[in-house]
Every structure is written in C-alpha cells, then in structure tokens.
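Quick note: my numbering has the sequence shown finishing at residue 165, numbered continuously throughout.
Here's the structure, in structure tokens; my notes come after.
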Amino acid sequence: MTLVDALHWGHGAPAYLLALGLTLVLAAFLTPRRWWRRPTARNAVVLGGGTWAFGALLLSAVPTTPVAQAQAVADPPLAFVPGQPYRVYRDLNVRSAAGVGAARVTVVPAGTLVTPTGRQAGDWWQIRYGDAPDRQGWASSLWLRQAREP
C-alpha cells in the first residue's frame, strides 16, 4: 500500500488522524500550558478547525490515483432462446395474459422447469409448464433462471 492509498483509505481517516496529531502538537507549543484540561469553545475550535484544515491540506497535497474500471463479467448472461428450459426461481404465478392485472391460472413451484414459447411482452414471457403441451401461460421472466444456473 502506497502513501497515497494509506492517506485516502476509509474516506481519508488516516489523513485526519495525522492532522489531529499535528494539531495537538502545534497547540501544545502555541497555547498556554494545560490548555486541554479546560474544555472551552476555543479549545474545540482549535482542535476541530486545525484537524479539518490540516486534514484537507494533506488530502489535497497528495494526488489520488484513478480507480481502474471494473472488468466485464466473465460469463455474460445468455440470450433468450425459445425452447430452452428455465428453472423457476421462486413460486411463480402463471397468468392468462402478460401483466400483473391478468387472471392467475396457476402457481408453479420453485425449482420446476418451464419452457418459453418464444412470445414476449417486455419482461413477460409465454411459457409451457407441466407435461401437457396445452399448459401455457404468461410469467414474469424475472423469476426464471437458466436451467444450469445454481
């Protein structure tokens, strides 16, 4: 860890701790003896103002290093493929049409495999569920995961 990283770690906390120490040392030399034993507004201003000023000076004097952009996801999600099975993530409401206002036909339990027919309406997919080919309905794709996903 470099000095720059150390001073900027935790929103500059090390820089302000160093500034507090510097303020205490300077105040010990530049103020009357035992000034810290009497809590006064002046003492609070000296400590707070000195710590803020020296901390800001330290942080502005040391240039920051730019943060590298995050790397792309190693395995981007695969595109929608009609006929590819998907696993139900949580209990899934199958509806007669796309949208939450449509009548609920059934609830498919979590872990069940369903197959999209290829028709889409935004995030809503028409799916086949169960063994019979006529068992179709609309479901939110947000609750579906690819069959090989954990």
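Note that the Cβ used here is the ideal one computed from N, Cα and C, for glycine as well.
Length of the line joining the Cα atoms of residue i and residue j
i, j, result
"R119", "A71", "60 Å"
"T38", "Y31", "10 Å"
"R160", "G98", "14 Å"
"V115", "V109", "10 Å"
"Y101", "R134", "15 Å"
"A42", "R49", "10 Å"
"S111", "R105", "19 Å"
"D149", "W139", "18 Å"
"L74", "R52", "30 Å"
"G36", "A59", "14 Å"
"F69", "P54", "22 Å"
"A117", "L107", "14 Å"
Contact belief for residue i with residue j at Cβ below 8 Å, rounded distance in angstroms
i, j, result
"A113", "A136", "4 Å"
"I142", "T132", "7 Å"
"A125", "V103", "5 Å"
"V122", "Y144", "Actually they are not in contact, since the Cβ atoms of V122 and Y144 sit about 10 Å apart, beyond 8 Å."
"A34", "T66", "5 Å"
Beta bridge counterpart(s) of residue i as assigned by DSSP
i, result
"T127", "Beta-bridge pairing links T127 to no other residue."
"Y101", "V129, Q161"
"N108", "V122"
"W139", "A136, S155"
Residue burial classification, residue i (beta-carbon count within 10 angstroms, cutoff 16)
i, result
"V61", "buried"
"A56", "exposed"
"G64", "exposed"
"G152", "buried"
"A147", "exposed"
"F44", "exposed"
"L157", "exposed"
"T46", "exposed"
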